[in-house]
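> Have a look at the structure that comes next, please.
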Amino acid sequence: MTETEIQMFIETMEDLGDEWTPEQVKTMYGDYTYEAAVKERKQHIDMQLNNLAALVK
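Residues in the sequence shown are numbered consecutively from 253, following our numbering.
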């Protein structure tokens, strides 16, 4: 990802309550496209929310 895309990723994730630093994004998703990184992270967040919902039942 470019520096601009990294900032876009951070802003997108902040809207979901998921905070990232530029260094974290570079480490985890630096080789991804912006679109692929957002898609994967949203899937991960959804999985975590589903797991939490199952525990609360």
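C-beta: ideal position from N, C-alpha, C; glycine also. Given the structure is predicted, the values throughout are model-derived calculations rather than measurements.
(1) Quick check on the DSSP output: what are the complete alpha helix (DSSP H) runs of length 4 or more inside the stretch 261-286, in order along the chain?
(2) Does the Cβ-Cβ distance between M253 and A305 come in under 8 Å?
(3) With the cut-off set at 8 Å, would you say D267 and I297 are in Cβ contact?
(4) Between the C-alpha atoms of Q295 and E255, what's the straight-line distance to the nearest angstrom?
(5) Give every residue of the same chain whose Cβ lies closer than 7 Å to the Cβ of K278, excluding the five residues on either side of it in the sequence, and list them in chain order.
Quick answer:
(1) Whole alpha helix (DSSP H) segments, 4+ residues: 274-281.
(2) no
(3) No, these two residues do not count as a Cβ contact at 8 Å.
(4) 23 Å
(5) Excluding residues within five positions, the ones whose Cβ falls inside 7 Å are I258.
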